[in-house]
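Visitor: Going down the list, the sequences are from chains G and H. Okay, so the first sequence: first residue is 67 according to the numbering used here, each after it adds one. Okay, so the second sequence: first residue is 54 according to the numbering used here, each after it adds one. Take a look at this one; I'll ask things after.
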Amino acid sequence: MARAAVPGRLIWRVATVAEARWETPSARTLVLDIPQWPGHLPGQHVDVRLTAPDGYSAQRSYSIASAWRDGGRVELTVQRVADGEVSSYLTDVLEPGQQLELRGPVGGWFVWRGTPAPVLLVAGGSGVVPLMAMIRARGDARGRQPFRLVHSVRTPQDTLYAAELARRVRDDPGLDVHIAYTRKTPDDWPQPPGRIGVATLNTHGWPPDFAPDVFVCGPTSFVEAAADILVALGHDASTIRTERFGGTA
Amino acid sequence: MSIISPGFGGRRRSSRPDLPPGQYLTHDFPVLSAGPTPRVPLERWSFAITDETGARTSWSWDELNALPQEDFTVDIHCVTKWSKLGTTWRGVPLDALFENVETTADFTMVHSYGGYTTNVPLEDLLDGKAWIAHTFDGEPLHPEHGGPARLVVPALYFWKSAKWVNGIEMLQQDEPGFWEEAGYHMYGDPWREQRYQGD
Ligand SMILES: Cc1cc2nc3c(=O)[nH]c(=O)nc-3n(C[C@H](O)[C@H](O)[C@H](O)COP(=O)(O)OP(=O)(O)OC[C@H]3O[C@@H](n4cnc5c(N)ncnc54)[C@H](O)[C@@H]3O)c2cc1C
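Below, the structure is given as structure tokens:
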């Protein structure tokens, strides 16, 4: 497993964009070189700070998408938010070779520590980013914990990490992925588009008596709805960890 | 020395004197919490202050509502960078709750339904600086925002304003609560950007 992140004072670090790749037409992964990165746990995030030439600055939080390997790079996946101040700069303007400031890793609650319990991951849109770090960490460690991801996306085009998830479902034993399309499904899809409901999480989650660790992440309204359903299905609220990205989409 | 981002103009939503540094203005009411929203029926609701000797003073929902109520308008600042200005609430000032509590302790741990905790120095709760609020914008406080009742301490980052509050424990020594344990600042002054440990 990843080396534990070192708690203590969080300093601003300079990260250099080593690579950038489009995951979907509106989401881009930034691969960052960060000298002396202390390592991170899957689920943690960083705060990114941008500064304009006249000194104005803005900060936002971004989950870490990559699992940590010593000496490795840190990846963030940013979904462009229409009219967004920071996200649109990170997706559309920033280029490899440029630098930005960040600090972290932040967060000791919404993390998966490699424990043996089954895990249920529930993602809305870019909420899949920290959950992907968990899937990647499990894959790197050849973990056998039963993992299920229920991922709500608008259309097939918006599915982050689609190819890698398909490969991991094939190669990582015990990983299941269910995609729920809210606006448009692939051709020949068995269900019509729709939001995640009781039936989705009942069918594609784990029964409460398996006592899974549950991680729910996405826009606020999505997280509220999904967590309420899980409680209604009988999951113990103390086993459900949530991360709300803000926004209502 | 900060790194300049060429081509980054920013929207300067935050160039206002009533916004603490690094905050931006929002008009909706974002929800941030660590788990699902607890739903607490009013007939089972209670709130207690426990002093350093272990003595408890507690209030039922009806008893809370029988105390003097105040309408107050405050600015709130979340550590995730949004601020909301001029929010209007109704609730009981903590001065009313502490009226008959005798304590020499300077620190408190605030407790919530669902197990959340956060530490706040006693002096930041008294003298009209904090309330147990049950009404937001003229409506009963929605469970997502901490209803039936939450603490409101506007001078500190909003994670200190515990939702679903059910008690305050007096402490002789400061101890970290839920987020403080996870690396957030022990005090949390938005004007000094005390977000994380060591800020
Ligand atoms: C702990 C944490 C982790 C996060 N991780 C990621 C991540 O891995 N990838 C990622 O893309 N984002 C992530 N976010 C969201 C991110 O921090 C920003 O909120 C988002 O990029 C929008 O910022 P902006 O400056 O572009 O938009 P802003 O200029 O702040 O806002 C523009 C408009 O978009 C709305 N809005 C703000 N945030 C969102 C949102 N998340 N979804 C929809 N609408 C929104 C606002 O209400 C506003 O109307 C995370 C947030 C948190 C708190």
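Positions of the beta carbon are idealized from the N, C-alpha and C atoms, including for glycine.
Have a look at Gly-191/H and Trp-142/H and give me their C-alpha separation to the nearest angstrom.
Guide: Between Gly-191/H and Trp-142/H, the C-alpha separation is close to 7 Å.
Visitor: Give the C-beta separation of Asp-279/G and Val-185/G to the nearest angstrom, bearing in mind that I take them to be a contact with Cβ-Cβ under 8 Å.
Guide: About 5 Å separates the two Cβ atoms, so the contact holds.
Visitor: Within the continuous alpha helix (DSSP H) that includes His-270/G, where are the two ends?
Guide: His-270/G -> alpha helix (DSSP H) spans 264–270.
Visitor: Taking only beta-carbon positions, decide if Ile-306/G is within less than 8 Å of chain H.
Guide: At least one chain H Cβ lies under 8 Å of Ile-306/G.
Visitor: For chain G, is any of its Cβ atoms less than 8 Å away from the one on Phe-211/H?
Guide: So, not an interface residue.
Visitor: Buried or exposed for Ala-68/G, please, with buried defined as at least 16 other CB atoms from any protein chain shown within 10 angstroms of its CB.
Guide: In this prediction, Ala-68/G has a pLDDT of 37, which is less than 50 and means its spatial position is unreliable; nothing more can be read from the coordinates.
Visitor: Can you tell me which of the three DSSP states Gly-205/G falls into?
Guide: It is helical.
Visitor: What residues in the region 155–171 of chain G bring their beta carbon closer than 7 Å to a beta carbon of chain H?
Guide: Taking 7 Å as the Cβ-Cβ cut-off against chain H, the residues of the region 155–171 of chain G that qualify are Tyr-155, Val-159, Gln-165, Leu-166 and Glu-167.
Visitor: Any idea what DSSP makes of Leu-156/G, helix, strand or coil?
Guide: Helix at Leu-156/G.
Visitor: Please confirm whether Thr-171/H and Ala-215/H have their CB atoms less than 8 Å apart.
Guide: Cβ atoms of Thr-171/H and Ala-215/H: closer than 8 Å.
Visitor: Would the region 305–314 of chain G and the region 98–112 of chain H be scored as touching if the rule is three or more Cβ pairs under 8 Å?
Guide: Touching, no, given that fewer than three Cβ pairs across the two stretches are closer than 8 Å.
Visitor: Is it the case that the Cβ atoms of Leu-116/G and Leu-166/G are separated by a distance below 8 Å?
Guide: In contact: Leu-116/G and Leu-166/G (Cβ atoms closer than 8 Å).
Visitor: Identify every residue that forms a DSSP beta bridge with His-217/G.
Guide: The partner list for His-217/G (beta bridge, DSSP) reads Ala-189/G and Ile-245/G.
Visitor: Is any heavy atom of ligand 1 found at a distance shorter than 7 Å from the C-beta of Phe-151/H?
Guide: Every heavy atom of ligand 1 is 7 Å or more from the Cβ of Phe-151/H, so no.
Visitor: So what does DSSP say about Met-200/G, is it helix, strand or coil?
Guide: In this structure, Met-200/G counts as helix in the three-state DSSP scheme.
Visitor: Is there at least one Cβ from chain B nearer than 8 Å to Gln-102/G's Cβ?
Guide: The displayed structure is made up of protein chains G and H, and chain B is not among them.
Visitor: Which word fits Lys-213/H, buried or exposed, when buried means at least 16 other C-beta atoms lie within 10 angstroms of its C-beta?
Guide: So Lys-213/H counts as buried.
Visitor: Just the Cα atoms here: how many angstroms apart are Thr-188/H and Trp-244/H?
Guide: If I take the Cα positions, the gap works out to 26 Å.
Visitor: Any beta carbon of chain G sitting closer than 8 Å to that of Pro-94/H?
Guide: Not closer than 8 Å to any Cβ of chain G, the Cβ of Pro-94/H fails to qualify, so no.
Visitor: How many whole angstroms separate the CB atoms of Leu-215/G and Val-177/G, which I take to be in contact at a CB cut-off of 8 Å?
Guide: Their Cβ separation, rounded to whole angstroms, is 16 Å, which puts Leu-215/G and Val-177/G out of contact at 8 Å.
Visitor: Is the beta carbon of Gly-260/G less than 8 Å from the beta carbon of Thr-248/G?
Guide: Yes, the pair counts as a contact, with Cβ atoms nearer than the cut-off.
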